[in-house]
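I have placed the structure first, in the form of structure tokens, so that the comments after it can refer back to it.
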Amino acid sequence: MSLHVEAQVPERGLDLALDLPAGRTLALVGPNGAGKSSLLALLGGDLRPARGEVVLGGRVLTSVRPGGRTVQVPAHARRVATLGQEAHLIPHLTALGNVAFPLRARGVPRRDARARAHELLAEVGAADLAERRPGRLSGGQQQRVAIARALAADPELLLLDEPMSTLDVDAAAEIRALLPRFLEGRSAVVVTHDVLDAITMAHDVLVLEGGEVQDRGPTADLLARPRTAFAARFAGLALLHGRAGAAPTAGGVAEGAGAVDPTGVPGTDQDAALRLPTGELIQGRRSGDLREGDPALAALRPAAVTLAPSTGDRTAGTVLARTVTGLEPRGDLVRVRTADLEADLAPEAVAAGTLRPGSDVRLLVPRDAVTIYPAR
Amino acid sequence: MSLHVEAQVPERGLDLALDLPAGRTLALVGPNGAGKSSLLALLGGDLRPARGEVVLGGRVLTSVRPGGRTVQVPAHARRVATLGQEAHLIPHLTALGNVAFPLRARGVPRRDARARAHELLAEVGAADLAERRPGRLSGGQQQRVAIARALAADPELLLLDEPMSTLDVDAAAEIRALLPRFLEGRSAVVVTHDVLDAITMAHDVLVLEGGEVQDRGPTADLLARPRTAFAARFAGLALLHGRAGAAPTAGGVAEGAGAVDPTGVPGTDQDAALRLPTGELIQGRRSGDLREGDPALAALRPAAVTLAPSTGDRTAGTVLARTVTGLEPRGDLVRVRTADLEADLAPEAVAAGTLRPGSDVRLLVPRDAVTIYPAR
Amino acid sequence: SGSSSDTAGASDAGGSTTLTVFAAASLKSSFEEIATDFEADHPGVDVQLSFAGSSDLVTQIGQGAPADVLATADTATMDQAVEQELVTGTPQDFATNTLTIAVPAGNPAGITDLASLAEPGVQLVLCAPQVPCGRAAEKVEESAGVTLSPVSEEQSVTDVLGKVTSGEADAGLVYVTDAASAGDAVEQIDLPEAKAAVNTYPLAVVAGTSQEELATEFTQEVLGERGQEVLAAQGFQAP
Amino acid sequence: MTSTLPRWAWPPALFGALFVLLPLAAVLVRVDPSTFLALISAPSSLSALRLSLVTAACSTVLCLLLGVPLALVLSRSRIPGPALSLLRALLLIPLVLPPVVGGLALLFTVGRQGLLGGPLQALGLQVAFSTAAVVLAQTFVALPFLVLTLEGALRSTGGGAERAAAALGARPTRVLLGVTLPGVLPALASGTVLSFARALGEFGATITVAGSLEGTTRTLPLEIYLLRETDPDAAVALSLLLVLVALVVILLAHRRARG
Amino acid sequence: MTSTLPRWAWPPALFGALFVLLPLAAVLVRVDPSTFLALISAPSSLSALRLSLVTAACSTVLCLLLGVPLALVLSRSRIPGPALSLLRALLLIPLVLPPVVGGLALLFTVGRQGLLGGPLQALGLQVAFSTAAVVLAQTFVALPFLVLTLEGALRSTGGGAERAAAALGARPTRVLLGVTLPGVLPALASGTVLSFARALGEFGATITVAGSLEGTTRTLPLEIYLLRETDPDAAVALSLLLVLVALVVILLAHRRARG
Ligand SMILES: Nc1ncnc2c1ncn2[C@@H]1O[C@H](COP(=O)(O)OP(=O)(O)OP(=O)(O)O)[C@@H](O)[C@H]1O
Ligand SMILES: Nc1ncnc2c1ncn2[C@@H]1O[C@H](COP(=O)(O)OP(=O)(O)OP(=O)(O)O)[C@@H](O)[C@H]1O
Ligand SMILES: [Mg+2]
Ligand SMILES: [Mg+2]
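Take a look at the structure:
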């Protein structure tokens, strides 16, 4: 079922339009308060826009326009199932009863509903909790049951609001594996703050900020070539803004300008460069059409950045001189922040030097770790 | 304040003892339903053990022993502040009022309390939400306010139950940076399902499973040398069980047995080997005392594993022949599962070959990526 | 009285007839006895008694209550019924009652006569002037030239009596019949001045009754020798 | 686990409990057991008790049938605020109206000359002064208890679970029966018990609109009232019977609502 | 946003509303405006109204002082289940007791020959026939309303926020005043309004324990009863005044609880 939304909800700062082709899963990402849950509420029928419409597979679920007849199909008749940010299990029913609930609501006979509910509970790893009431379940256990219950609803459109946030690593992995199987042929929107969820479950990613669509695209694409600061951080990339520079004819370590390539690898079609506002020129791989002078972006993994060796090195890339603005642990590495660039360095590298906020640092950005693409 | 706990809570399956030296932060990890929240409830005074005691800095907070006088200091008098798995903000107070609440409860004058609450809200990035009621905040915004409120309580022991689970990437990063600063000199327990939280905030990690302490140790140590399957998956490592083998005299690619080292690097003190139940011998770096035949473990990053090239290669390591049991996306890599080992391979590698469940695969485990240590 | 039916006053299917009598609450004991006698003399007749305050009874009949006979505790309320044409014929007086002084057992305040009721410190309760017993008390006051200052002006004799029996009040003016029914809990002190205010109980057949004959017979029973005996035994005087 | 009850709450609570319990004890002390037994086995008492139980039960059922929907509308409908406040306030009026006036109001409605008197008579229905009138009077005074108790509970709970259930495809009726009402079961039980208790104790409106005919409209409170005219002590003793019945019903209802 | 109210709830709800509103309308129709104005400006009416308002307000305050702690103990203490059920049931008894019997019970307690009569007289306190007795009677009958409404709400809400507040170092009193009570404000308002309404309409217990003297103990309901003896229509009209006063109070209370 293809989904079309167009809505304005001033009191939530929401103003967006969005299309989701049938059978696709969309990852909805964005900062806290961006309007993600509000968008789901709009789709589920719990929130009425000041103006706008929601159309699912040709059925108008919501339509509010000045002069027009207001349509608001009630939540239960939308064939849209929502797993909200809070589990909201029905307190007086057991876990099994909760999962059977949407089945019974669809008219499935009691025995069949219970059997199916048992299956679903097993799939989310909660088979042994079937007879417990929600009040006697841990947070993550409740979330598992809530996921099973949402799956039981068998909707045309499934809305999941941060379904993994309270799950342990195993359960999260299992459900990341389970959901795509279940979602096959359905449309779904999954809100998440975890890039892994987007990668494993979603065909597309939509970045919502301040109630507006900031970016959207196929998952791999958007994560490799983010266009907003938030999307970049979500993807774990550092993002540099600039303009397309002249493609260098050869790779090599560039001192922020012309490139020297000690390995002598010849420049290819793939090569590109980005001129930073500082005037520096960064070497990278081109992705998409770039004309010199066009606004362009460079994305790179902070972990690929290293301290530039004082002596020559065989790695092709760019050396940038920066001032450290902050240091913080990041996994088993240390994140070094500068005004426009982050680098994740090995602790040895940091400890050996005298790296601290305020000190100068020369960072080597390998050419192969940089993707340069149009800012659109 | 050093913390000592010893408790049995049969209805939650909890049975553990634990000591936390003053001023340290402990990351509490474990599967859903392991008893993490229950342990916090025990410390906070919301749950009374069937038997056991809680002592904080010499003060007996709980003591239940047969024959002894039962002590249960009420929650408000423990100087222990809890941020629960649910935010539970006070609905009729604004965000500011909520953060000021614990300050007012300590007798801080209204003006000072409000000023400090403003500061704390700013620190968690919620300064602009000060005048909103919880009902008008998004899930992540509520969580930010709840964190600020917990910090405002200024306790001797701070308990945080999955504080980051609903935060966006930016907020999570900010709070990961903020908390250690705040926690300096205090004791704290942070429940989390995210290894990054443990790495960035905790001195020690404790693995709870089925209500029992399965493992504990300094963070870096435990994450590098996990002793339980859960801890390994939490740290993102694959774990192999076996017995210490004879340390090889030289590195090299081993066909699961004797090692050949084409680079001719001589074996060092650091070298070790693990004999798997299958009889294969894995090369790796030793960590800790190992006597041949002792139960030992090998931990490795799945991303370091590659397909063994049919021709010779310069990387020192072990080649293991396995049958694929499952494939799933994992970040921008593909996770290949076998009976005892996972490998995260580049998509090209998988696509090029004919890798599918059931097919045979030869995996190269680089020696430097493997840590071998006693099973204790 | 006995069998119940959904709609009071209707004839029973079994051939028995129901006569419904609305009577003032203070007539409960005497009318129950009279009804039993009446039923004994009229096989197949079932007398249903409904007791409430006199003015309630009049309102109810005005709203179509299925009554055949109405007996009130004073002439004023009966006059209302006549005015509203709720009864047929002229109401007949069937009993009178006079006031007496009731004091708690042991007479703790040492009441001797009407004048002693006016002494300071005596907790005296009367009926309010709006209700029959209160009007009667007012008349007694006037004729005797005494001014009483009660601590409470009650809504009904029962309330006055309740205050006296519970010992809360030192004295109260109640009807002889009421004082009699309270038994040992109260003592009566003669009140010669009560002659000035005799309370009269009238009864009448309700207009539009389907059993005018039987209703008239019941009024005769009350007015007759046997009825008057029963009433006298409860302390009522003849009209 | 930890009690959040401040210690200072205990003395006034105890005093409050005594305030209610002491008078009850004072009544108990007065009642002569032999009189009590004789009284409660008297045919008129038993007939009144039976009538009271039957009518109070009917009224309670009526209260549930009308009150639950009313509470739902008051708590869950989109009636605008001021209109809702006014409606709620109007529904509370039977609480403040002296019962006799309430009875008069009913009489003015279903009596021969009442608002509905004409239509009812045309249908051959005589409501006033029948057992039906007793039920009517009891329902009138008892309804606000159910509505108020239930509405309060509905207002303060369940929104989340209800919305979740609707979002999973449950129709309003299923949400109501499967989520909403089970969620307010304690309040529903309390409200039912309250209205039953109020119906059981109802006197003023009953005597006005239904009269006081033994077996038909003379409920236990009316019997107690009449008895007081002649034998106040017996009346008090008989009211103990009323209290006992109410106690049993309340305890049973609470047990069932828990179990 | 979506109403989870099934459509079929509307007809019975409407019927229920009519059931209460129609009798009120029937009363309204009967009342002659000019009589009404004359009546409500009569000195006896005004004196009764003043007394009613003062005593009902005092009773409501007493109900709050005793009832809030009682509701807290019933809902938050660790009294074992059966004892709690019994206590709760006993506290409901004033609801079912015919008010006159309730008045007698009070008389048996604080009257001259009552349980506490001796001690009270030794202190020189004379309760019966005083305005204090009116307040006593009203509080006795009104207390269960507050306790029940509040206890129901306390049971079904707030545990989480309360525990969170305690975990942040708030003492029980602060939790109570800062979290618990604000959380049940609507129920507290409802309960207060209910008990005020019940106190305002109280008749039977008042007349029994306090008697009826203009200016001292004759409240508006007592005045209405008395008026009914001579002029039933006027009595009905006067009860409209009671209704109006109650309406105003209820509406104001609800507005304040919201704001
Ligand atoms: N109120 C309760 N009563 C009884 N048992 C409970 C209650 N809450 C949780 N449990 C059970 O106790 C065990 C421990 O629960 P706990 O909430 O401590 O787990 P947890 O480690 O915090 O899990 P999660 O990661 O899902 O939050 C679980 O098996 C759970 O089902
Ligand atoms: N009930 C409400 N009434 C008014 N405003 C609200 C309400 N709920 C949320 N908001 C506001 O609307 C905006 C969008 O909130 P929403 O819950 O949709 O955010 P979100 O993207 O889901 O955030 P999160 O990641 O924290 O869950 C926020 O600014 C929030 O403060
Ligand atoms: Mg959200
Ligand atoms: Mg937990």
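Top line first, the protein sequences correspond to chains A, B, C, D and E. Positions -1 to 374 (the numbering used here) are the ones given, in order, by the first sequence. Positions -1 to 374 (the numbering used here) are the ones given, in order, by the second sequence. Positions 20 to 258 (the numbering used here) are the ones given, in order, by the third sequence. Positions 43 to 301 (the numbering used here) are the ones given, in order, by the fourth sequence. Positions 43 to 301 (the numbering used here) are the ones given, in order, by the fifth sequence. Cβ coordinates follow ideal geometry from the N, Cα and C atoms, glycine included. Source: prediction; values computed, not measured.
- For residue 116 (chain B), no chain E residue has a Cβ inside 9 Å of its Cβ, as the nearest lies near 18 Å away.
- The beta carbon of residue 206 (chain A) sits closer than 8 Å to the beta carbons of 14, 26, 27, 28, 32, 33, 34, 37 and 212 from its chain, once the five residues preceding and following it are set aside; these are given in chain order.
- A residue is called buried once 16 or more other Cβ atoms fall within 10 Å of its Cβ, and residue 354 (chain A), having fewer, is exposed.
- Here the segment 55 to 75 of chain E makes contact with the segment 104 to 119 of chain D; the two share three or more CB pairs at distances below 8 Å.
- Under the Cβ criterion (8 Å, minimum of three pairs), the segment 73 to 91 of chain A does not count as touching the segment 119 to 128 of chain A.
- The three-state reading of DSSP puts residue 272 (chain D) in helix, counting H, G and I together.
- Residue 148 (chain A) and residue 186 (chain A) have their C-alpha atoms spaced approximately 12 Å apart.
- Assigned with DSSP and collapsed to three states, residue 87 (chain E) falls in helix.
- As a beta-bridge residue in DSSP terms, residue 371 (chain A) pairs with A:295.
- The three-state secondary structure of residue 225 (chain A), taken from DSSP, is coil.
- The closest CA to that of residue 177 (chain A), considering only A:191, A:166, A:164 and A:196, is found on A:196.
- Straight-line measurement puts the Cα of residue 282 (chain D) at about 30 Å from the Cα of residue 195 (chain E).
- Contact of residue 103 (chain E) with chain B by beta-carbon distance below 7 Å is absent, the smallest such distance being about 24 Å.
- Rounded to the nearest whole angstrom, the C-alpha separation of residue 171 (chain B) and residue 293 (chain D) is 56 Å.
- Under the criterion of beta carbons closer than 8 Å, residue 250 (chain C) and residue 64 (chain C) do not qualify as touching, at roughly 21 Å.
- The closest CA to that of residue 75 (chain D), considering only D:290, D:296 and D:275, is found on D:275.
- The three-state reading of DSSP puts residue 54 (chain A) in strand, counting E and B together.
- The alpha-carbon separation between residue 145 (chain C) and residue 221 (chain E) amounts to approximately 53 Å.
- Counting only runs of at least 3 residues, the segment 153 to 230 of chain A fully encloses the following beta strand (DSSP E) elements, listed from N- to C-terminal order: 155 to 159, 185 to 189, 202 to 207 and 210 to 216.
- For residue 49 (chain A), no chain D residue has a C-beta closer than 7 Å to its own C-beta; the minimum C-beta separation is roughly 20 Å.
- Of the other Cβ atoms in all chains shown, fewer than 16 fall within 10 Å of the Cβ of residue 276 (chain A); this residue is therefore exposed.
- Between the segment 31 to 50 of chain C and the segment 64 to 81 of chain C, the count of C-beta pairs closer than 8 Å reaches three or more; the two stretches touch.
- Inter-segment contact for the segment 216 to 223 of chain A and the segment 2 to 17 of chain A is absent: fewer than three beta-carbon pairs are separated by less than 8 Å.
- For residue 123 (chain D), the enclosing alpha helix (DSSP H) starts and ends at 123 to 133.
- As a beta-bridge residue in DSSP terms, residue 239 (chain B) pairs with B:295.
- Each residue's CA atom was taken as its position, placing residue 262 (chain E) and residue 287 (chain E) some 11 Å apart.
- Taking 8 Å as the cut-off, the beta carbon of residue 238 (chain B) is found closer than this to the beta carbon of residue 274 (chain B).
- Between residue 128 (chain B) and the set B:367, B:98, B:106 and B:232, the nearest pair of CA atoms involves B:98.
- Remark: three or more beta-carbon pairs, one from each stretch, lie closer than 8 Å, so the segment 128 to 137 of chain C and the segment 157 to 174 of chain C are flagged as touching.
- At least one CB atom of chain D sits nearer than 8 Å to the CB of residue 100 (chain A).
- A distance of 8 Å or more separates the beta carbons of residue 185 (chain E) and residue 117 (chain E).
- A distance below 7 Å between beta-carbons, with the five flanking residues on each side excluded, links residue 222 (chain C) to the following residues of its chain, in chain order: 88, 89, 90, 110, 111, 113, 238 and 241.
- Three or more beta-carbon pairs separated by less than 8 Å are not found between the segment 203 to 212 of chain E and the segment 151 to 165 of chain E, which leaves the two stretches without contact.
- Residue 221 (chain D) belongs to the set of residues whose beta carbon lies under 8 Å from a beta carbon in chain A.
- With at least 16 other beta carbons inside 10 angstroms of its own, residue 284 (chain A) counts as buried.
- Around the beta carbon of residue 269 (chain B), a 10 Å sphere encloses 16 or more other beta carbons of the protein chains shown; the residue is thus reported as buried.
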